[in-house]
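Protein chains in written order, with this note's numbering: chain A, 19 to 89; chain B, 3 to 164; chain C, 90 to 641. Report on the following structure.
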Amino acid sequence: MTDTFTSSRTRSAAGNQPASAAENQSASRPGDKTAETKEPSLKGTFIAVMLLGGFIIASWVLVLALFLSRN
Amino acid sequence: MHIHRLEKIWIGFGLAMLLIFLLLTGVAAFAMGISPPSSSSHENMHHGKVDPTKLQTTAPFDKPGLKQIGDNEYEAVLIAYAFGYNPDTIDIPHGAKVHFIVTSSDVVHGFEIPGTNVNFMAEPGEVTELTHTFDKAGQFLVLCNEYCGTGHEMMKMTINVK
Amino acid sequence: MISTSSITAGKPFHENDGQLVLAHVLFAFAALLLGGIAGLLQAMVRGGTITLPHGIGYYQLLTAHGVLMALIFTTYFIIGFLYGGVAKTTGRLLPTTLALGWTGFLLMSMGTAVGTVFILLNKATVLYTFYAPMKASPYFYVALALVVVGSWLSGYGIFYQYNYWRKTHPGERSPLFSFMSVVTMLLWQVATLGVAAEVLIQLIPWSFGWVDTINVLLSRTLFWYFGHPLVYFWLLPAYICWYVVIPKVIGGRIYSDALARLSFLLLFVFSIPVGFHHQLMEPGISQFWKFLQVALTLMVVVPSLMTAFSLFATFELAGRAKGVRGVFGWLKVLPWNDVRFFAPFMGMLIFIPAGAGGVINASYQLDEVVHNTLWITGHFHLTVATSVALTFFGIAYWLIPAVTNRRLTPRLNKLGLWQTWIWVIGMFFMSGSMHTVGLLGAPRRTAYTTYGDNAQASGWIPYEVVMAIGGMILFVGVLLMIYNIYALLQAPAGYEEFPIGEELDGAEPTPKLFERWGVWLGISVVLIFVAYTIPVVEMIQTGVGSPGYKTW
Numbered sequence: 019m020t021d022t023f024t025s026s027r028t029r030s031a032a033g034n035q036p037a038s039a040a041e042n043q044s045a046s047r048p049g050d051k052t053a054e055t056k057e058p059s060l061k062g063t064f065i066a067v068m069l070l071g072g073f074i075i076a077s078w079v080l081v082l083a084l085f086l087s088r089n
Numbered sequence: 003m004h005i006h007r008l009e010k011i012w013i014g015f016g017l018a019m020l021l022i023f024l025l026l027t028g029v030a031a032f033a034m035g036i037s038p039p040s041s042s043s044h045e046n047m048h049h050g051k052v053d054p055t056k057l058q059t060t061a062p063f064d065k066p067g068l069k070q071i072g073d074n075e076y077e078a079v080l081i082a083y084a085f086g087y088n089p090d091t092i093d094i095p096h097g098a099k100v101h102f103i104v105t106s107s108d109v110v111h112g113f114e115i116p117g118t119n120v121n122f123m124a125e126p127g128e129v130t131e132l133t134h135t136f137d138k139a140g141q142f143l144v145l146c147n148e149y150c151g152t153g154h155e156m157m158k159m160t161i162n163v164k
Numbered sequence: 090m091i092s093t094s095s096i097t098a099g100k101p102f103h104e105n106d107g108q109l110v111l112a113h114v115l116f117a118f119a120a121l122l123l124g125g126i127a128g129l130l131q132a133m134v135r136g137g138t139i140t141l142p143h144g145i146g147y148y149q150l151l152t153a154h155g156v157l158m159a160l161i162f163t164t165y166f167i168i169g170f171l172y173g174g175v176a177k178t179t180g181r182l183l184p185t186t187l188a189l190g191w192t193g194f195l196l197m198s199m200g201t202a203v204g205t206v207f208i209l210l211n212k213a214t215v216l217y218t219f220y221a222p223m224k225a226s227p228y229f230y231v232a233l234a235l236v237v238v239g240s241w242l243s244g245y246g247i248f249y250q251y252n253y254w255r256k257t258h259p260g261e262r263s264p265l266f267s268f269m270s271v272v273t274m275l276l277w278q279v280a281t282l283g284v285a286a287e288v289l290i291q292l293i294p295w296s297f298g299w300v301d302t303i304n305v306l307l308s309r310t311l312f313w314y315f316g317h318p319l320v321y322f323w324l325l326p327a328y329i330c331w332y333v334v335i336p337k338v339i340g341g342r343i344y345s346d347a348l349a350r351l352s353f354l355l356l357f358v359f360s361i362p363v364g365f366h367h368q369l370m371e372p373g374i375s376q377f378w379k380f381l382q383v384a385l386t387l388m389v390v391v392p393s394l395m396t397a398f399s400l401f402a403t404f405e406l407a408g409r410a411k412g413v414r415g416v417f418g419w420l421k422v423l424p425w426n427d428v429r430f431f432a433p434f435m436g437m438l439i440f441i442p443a444g445a446g447g448v449i450n451a452s453y454q455l456d457e458v459v460h461n462t463l464w465i466t467g468h469f470h471l472t473v474a475t476s477v478a479l480t481f482f483g484i485a486y487w488l489i490p491a492v493t494n495r496r497l498t499p500r501l502n503k504l505g506l507w508q509t510w511i512w513v514i515g516m517f518f519m520s521g522s523m524h525t526v527g528l529l530g531a532p533r534r535t536a537y538t539t540y541g542d543n544a545q546a547s548g549w550i551p552y553e554v555v556m557a558i559g560g561m562i563l564f565v566g567v568l569l570m571i572y573n574i575y576a577l578l579q580a581p582a583g584y585e586e587f588p589i590g591e592e593l594d595g596a597e598p599t600p601k602l603f604e605r606w607g608v609w610l611g612i613s614v615v616l617i618f619v620a621y622t623i624p625v626v627e628m629i630q631t632g633v634g635s636p637g638y639k640t641w
């Protein structure tokens, strides 16, 4: 537990050194985007937010149903 | 500023969702008349206002209670006070359409019939109106759902639908 | 192996700046402890577990709980956090900034002390919404005014520091943290005008007896003009952590500086002209104006939808940069056992049901189902008491050591993870049963009652017992948090990173328009005037005054 904690913090430190990252930028950093390169894949993000949207709609419809049943 | 293609889709989806919510509530309110409570448009009321210190001499609050105004249609004129309602019981015929006309003679109170959509505020100086049709027979609890002082949790009245 | 470059070789936080931050944060947690005690007792009374000894009222505790938690804990923590981040991103605090910060702290603390005394004396049992015509001691309102004025000075300090930075860095884009702090404090300045007008023009003259009556509807409207942006004042600093701090903590990058700023500006513009959605169930406001503000309320959801996308994208891209594959593979490489991530993450996760509940509350007629029921209490115990509070707790674990030049130890990190779980579990029981029993109709802000053995109301009691159990678990969470704060102050000397994320490489520039404050303030003012002028003028013209009452 202690080890993982330390290593995650080390990673976080390493991931934020622009100087070292600059050299091997193109292939290894999918987060990279310039006007010419393709957008990064955000499939997981999209599915996650759509699930969130679905949750909002489901809860809203549930309360709407309750409202209609009591009207 | 760059916006990812998938984010554009997501925001479009979100806007559409919110617009549909707005449209549904708007149509229900403005086309079908299923609206939240509002100021009373009762004939005696000026802008739905009333002097909270003179309720005893102001119609219709000088005679609170149930009054028939049409075929199975009633006005329920009620005064909320710390810590009760005047009158504290009303009997309503089954299936009646009731226009609640409510104000407060002191602080702000609530008027809620749990299990129904009747839920609104009673405020001094203001007169609230809400219409509800009682399709189910039975005894209904009315409770105050706005903190109004030490006896708040005891503030209630009863509606009997027969 | 700890990398030497960022973990150990950081610059120490300047002592003068650190003291200001620490004073605010410690005051906040003292309020949390007192408010937590009040909360525990209240939950137990409502569940029928205990009866209070004579002399202490349920509603008095409820007032203390609301004021200390919702107004004091949040405001102090926010100001401390923002000053810390502003010092971190714009350089040492200027003498004027420090002076404004300390003066604000002093005024707010005087206000808090006076207000708390009057609540304890049972002279201000009006809850933290202090709705007229319940009339508290005038000194309670004076105390509130002191807190608000103090917070204004704190805001001016942040504006002063930001302006100085911009003057000395012409043409440069301001640091994201400072920009967001300015938006938060600007929102606060505009929003508090409503409550300041209510307190100074209406409540104080009336409670001193200089005028006999008060326009109740107007006072409620001024309160809710303030009351809704108030919840965004709590939320925006949590968003700062999510947008700026979390990317660094997880070893990723800020997804988009421009979109982050845009979402803050939209929150600023749309969070104020929406107060009527708290007044949907009351008379005196016509359907048109209510509905207009409902529409604006739904607009304020949009920047939060953008935020959700940005956060997931930050997580996904950080995972991809570490070589993770699969649609959700990035979830596995998030630092789950780092409290600096885990506590705010649970806050984000819980913001999903919290936000969904908010959309429901604002949906016009649907409010009839939930208005003034325990659902509402459950709702804001998810938003402010979980999403915001857990994020603030997560911040405290690094902020306190960072500004006192100590470090977060693995042991404290572990205790922090425990604290987070305790909070989430306690809130699951408490807020979960509040939501459920609220849908059944149980009212909020009400002491133990069965309404004379009414069958329906008696059926709510089991849920209220579960609420009390949740409240007890949460109180253990409060105690552990207080211990953790104490232990952080005793932590070994060293360096703790103040995590400030950097943007992805190659991002497109942020539009300059985003820092033309006149434009955004102008849009905000126009929307406020459109949404409020006509109904407020009508209230003033037709309103009937009400005398004051002390009903407790």
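The C-beta atom is built at its ideal place from N, Cα and C for all residues, glycine as well. Nothing here was measured: the structure is a model prediction, and the numbers come from that model.
Check                                                                                                                             : Outcome
Residues, ordered as in the chain, of the region 315-330 of chain C that lie near chain A by beta-carbon distance below 9 Å       : none
Top-ranked residue by Cα proximity to residue 517 (chain C), from C:588, C:438, C:460, C:490                                      : C:438
C-alpha distance - residue 297 (chain C) paired with residue 227 (chain C), whole-angstrom precision                              : 6 Å
Under 7 Å by beta carbon: chain B residues contacting residue 453 (chain C)                                                       : 27, 31, 38
Cβ-Cβ distance between residue 72 (chain B) and residue 372 (chain C) below 9 Å                                                   : no
Residue 1 (chain B), enclosing beta strand (DSSP E) - first and last residue                                                      : Chain B is shown from 3 up to 164; residue 1 (chain B) falls before or after that span and cannot be answered.
Sub-9 Å separation of residue 654 (chain C) and residue 234 (chain C) beta-carbons                                                : Examination of residue 654 (chain C) is not possible in this model, given that chain C is present from 90 through 641 alone.
Which listed residue (C:478, C:460, C:410) has its alpha carbon closest to that of residue 166 (chain C)                          : C:478
From C:311, C:224, C:508, residue whose alpha carbon lies closest to that of residue 211 (chain C)                                : C:224
Any C-beta of chain C under 9 Å from that of residue 61 (chain A)                                                                 : yes
Validate contact between the region 236-246 of chain C and the region 197-207 of chain C using beta carbons, cut 8 Å, 3 pairs     : yes
Under 8 Å (Cβ pairs) to chain B, residues found in the region 65-86 of chain A                                                    : 67, 68, 71, 74, 75, 78, 82, 85
Residue 393 (chain C): first and last residue of the uninterrupted alpha helix (DSSP H) it sits in                                : 390-410
Contact with chain C by residue 149 (chain B), beta-carbon distance below 9 Å                                                     : yes
C-alpha distance - residue 245 (chain C) paired with residue 492 (chain C), whole-angstrom precision                              : 22 Å
Own chain partners of residue 120 (chain B) with C-beta closer than 6 Å, once the 5 adjacent residues on each side are dropped    : 134
Among C:485, C:340, C:400, C:490, the one whose alpha carbon lies nearest that of residue 424 (chain C)                           : C:340
Buried versus exposed call for residue 128 (chain B) [16 or more other C-beta atoms within 10 Å across all chains shown]          : buried
CB contact flag (residue 482 (chain C), residue 512 (chain C), <9 Å)                                                              : yes
Delimiting residues of the alpha helix (DSSP H) encompassing residue 356 (chain C)                                                : 346-359
Residue 69 (chain B): first and last residue of the uninterrupted beta strand (DSSP E) it sits in                                 : 67-72
Inter-residue spacing [alpha-carbon to alpha-carbon] between residue 675 (chain C) and residue 432 (chain C)                      : Lying outside 90 to 641, the shown extent of chain C, residue 675 (chain C) is not represented and no answer is given.
Alpha-carbon to alpha-carbon, residue 402 (chain C) and residue 415 (chain C)                                                     : 14 Å
Close-in-space but distant-in-sequence residues of the same chain around residue 473 (chain C) (CB under 6 Å, 5 per side omitted) : 323
Residue 526 (chain C) versus residue 64 (chain B) - alpha carbon distance                                                         : 37 Å
Short CB-CB distance (under 9 Å) between residue 87 (chain B) and chain C                                                         : no
Burial state of residue 90 (chain B) (16 or more Cβ within 10 Å)                                                                  : exposed
Partners in chain A for residue 133 (chain B), counting only beta-carbon separations shorter than 7 Å                             : Within chain A, no residue comes near residue 133 (chain B); the closest Cβ sits about 11 Å away, beyond 7 Å.
Test: residue 116 (chain B) CB closer than 9 Å to a CB of chain C                                                                 : yes
Sufficient close CB pairs (3 or more, under 8 Å) joining the region 593-602 of chain C to the region 503-511 of chain C           : no
Top-ranked residue by Cα proximity to residue 360 (chain C), from C:419, C:369, C:320, C:122                                      : C:320
Chain A residues whose Cβ lies nearer than 8 Å to that of residue 21 (chain B)                                                    : What residue 21 (chain B) touches in chain A: nothing, since even the nearest Cβ is about 13 Å away.
Delimiting residues of the alpha helix (DSSP H) encompassing residue 144 (chain B)                                                : Counting along the chain, residue 144 (chain B) falls outside any alpha helix (DSSP H), though it belongs to the beta strand (DSSP E) covering 140-145.
Every unbroken alpha helix (DSSP H) within the region 274-357 of chain C, with a cutoff of 4 residues, ordered by chain           : 293-296, 305-329, 335-338
Span separating the alpha-carbon of residue 381 (chain C) from that of residue 180 (chain C)                                      : 43 Å
Spatial neighbours of residue 53 (chain A) in its chain, beta-carbon cut-off 8 Å, leaving aside the 5 residues before and after   : The predicted model places residue 53 (chain A) with a pLDDT of 45, which falls under 50 and marks its position as unreliable, so this point remains unresolved.
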